[in-house]
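**Student:**
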Amino acid sequence: MQESVIDLNTPDGVMNTERFVPDGPGPYPVVLFYMDAFGVRDELREMARRLAGLGYLVLMPNLYYRETRRFVLQPGEAGMDILRAMMGRLSIAMVQRDTGAMLDFVDSDRAARRERIGAVGYCMSGPFVIGAADRYPDRIAAIASIHGANMVTEAPDSPHRLAVRLRCETYVACAEIDKWAPPAEMAELERQLRASGAPHMLEWYPGAQHGFVFPQRAHAYDAVSAERHWQRLEALFARCL
Numbered sequence: 236m237q238e239s240v241i242d243l244n245t246p247d248g249v250m251n252t253e254r255f256v257p258d259g260p261g262p263y264p265v266v267l268f269y270m271d272a273f274g275v276r277d278e279l280r281e282m283a284r285r286l287a288g289l290g291y292l293v294l295m296p297n298l299y300y301r302e303t304r305r306f307v308l309q310p311g312e313a314g315m316d317i318l319r320a321m322m323g324r325l326s327i328a329m330v331q332r333d334t335g336a337m338l339d340f341v342d343s344d345r346a347a348r349r350e351r352i353g354a355v356g357y358c359m360s361g362p363f364v365i366g367a368a369d370r371y372p373d374r375i376a377a378i379a380s381i382h383g384a385n386m387v388t389e390a391p392d393s394p395h396r397l398a399v400r401l402r403c404e405t406y407v408a409c410a411e412i413d414k415w416a417p418p419a420e421m422a423e424l425e426r427q428l429r430a431s432g433a434p435h436m437l438e439w440y441p442g443a444q445h446g447f448v449f450p451q452r453a454h455a456y457d458a459v460s461a462e463r464h465w466q467r468l469e470a471l472f473a474r475c476l
């Protein structure tokens, strides 16, 4: 596998992005991998490698590039305050611009198949994959939101408001124990997905907590549920890309 860090020019600056490519001539279908709130780290790199191992070119951007090229969580509550502030300063509109920069890069990358692109987002990036698919409906063919947070808000660009316009296939994985995605809100999101007429699946993971896919999150990791989410991603992208 080939791994590299590329700098992509966006309207807001230079976004350092990690690129994972299977060995071989390609071209490969592309998956955009949007990080969770804790930023790009080895745990996410291992997940990106697993996707690339299935035959995809994976791009994983540092969405905090406007503030730092490398986010490291500081210990204690002070560190969490910094994290929450950085997360709060990101918006769907910002990440839509970032997605445009990644799509421009894909168009110039000989190892990439540009026709049909997938995206997966975890936690804070659940809304971002919906925003990306809404902004680029002719490019993004499949998206997955894995224990996405804040999917129903009062904002004009709330994910549930965008969901009704989606044209791509959408998969939403919901942890049963997740204060960031309560059942009533997920029911509203599902109503809007159904109204879109596009293929979709919203699936509950019984007994799972927010963050269940991350092996290093000892309090939340659920190996069975994590593997189930991988099976869903593999099937989604094999079907659509």
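Residue numbers are given in our numbering: position 87 of the sequence shown equals residue 322, and the series is strictly consecutive. The C-beta atom is built at its ideal place from N, Cα and C for all residues, glycine as well.
1. Could you tell me which uninterrupted alpha helix (DSSP H) segments, each at least 4 residues in length, are contained entirely in the region 385–410, listed from first to last along the chain?
2. Nearest-angstrom Cα distance between residue 354 and residue 442?
3. Opposite residue 244 in the DSSP bridges: which residues?
4. Can you tell me whether residue 384 is buried or exposed, with buried defined as 16 or more other CB within 10 angstroms of its CB?
5. Going straight from the alpha carbon of residue 470 to that of residue 338, what length do you get?
6. Whole-angstrom Cβ separation of residue 446 and residue 382, contact assumed at under 8 Å?
7. Among residues of its own chain, excluding the 5 on either side of residue 331, which ones have a beta-carbon nearer than 7 Å to its beta-carbon?
8. Closest by CA to residue 320, which one among 422, 272, 400 and 393?
9. Could you tell me whether the region 455–472 touches the region 426–442, using the rule of 3 or more Cβ pairs below 8 Å?
10. Could you tell me the distance, in whole angstroms, from the CA atom of residue 195 to the CA atom of residue 248?
11. Would you call the region 295–311 in contact with the region 272–286, where contact means no fewer than 3 C-beta pairs closer than 8 Å?
12. Please determine, among 312, 295, 310 and 419, the residue with the shortest C-alpha to C-alpha distance to residue 304.
13. According to the neighbour-count rule (16 or more other Cβ atoms, all chains shown, within 10 Å of its Cβ), is residue 413 buried or exposed?
**Tutor:** Answer, in terms of the structure:
1. Listed in chain order, the complete alpha helix (DSSP H) runs (minimum 4 residues) inside the region 385–410 are 394–398.
2. Residue 354 and residue 442 have their C-alpha atoms roughly 26 Å apart.
3. Bridge pairing for residue 244: 249 [DSSP].
4. With 16 or more other CB atoms across the displayed protein chains lying within 10 angstroms of its CB, residue 384 is buried.
5. Going from the Cα of residue 470 to the Cα of residue 338 covers about 23 Å.
6. Rounded, the Cβ-Cβ distance is 7 Å, consistent with contact.
7. Taking C-beta separations shorter than 7 Å and ignoring five residues to either side along the sequence, the partners of residue 331 in its chain run 366, 367 and 370, following chain order.
8. Among 422, 272, 400 and 393, the Cα nearest to that of residue 320 belongs to 272.
9. Touching, yes.
10. Any question about residue 195 goes unanswered here, given that the chain covers just 236 to 476.
11. The answer is yes - the region 272–286 touches the region 295–311, with three or more Cβ pairs under 8 Å.
12. It is 295 whose Cα lies nearest to the Cα of residue 304.
13. Classification for residue 413: buried.
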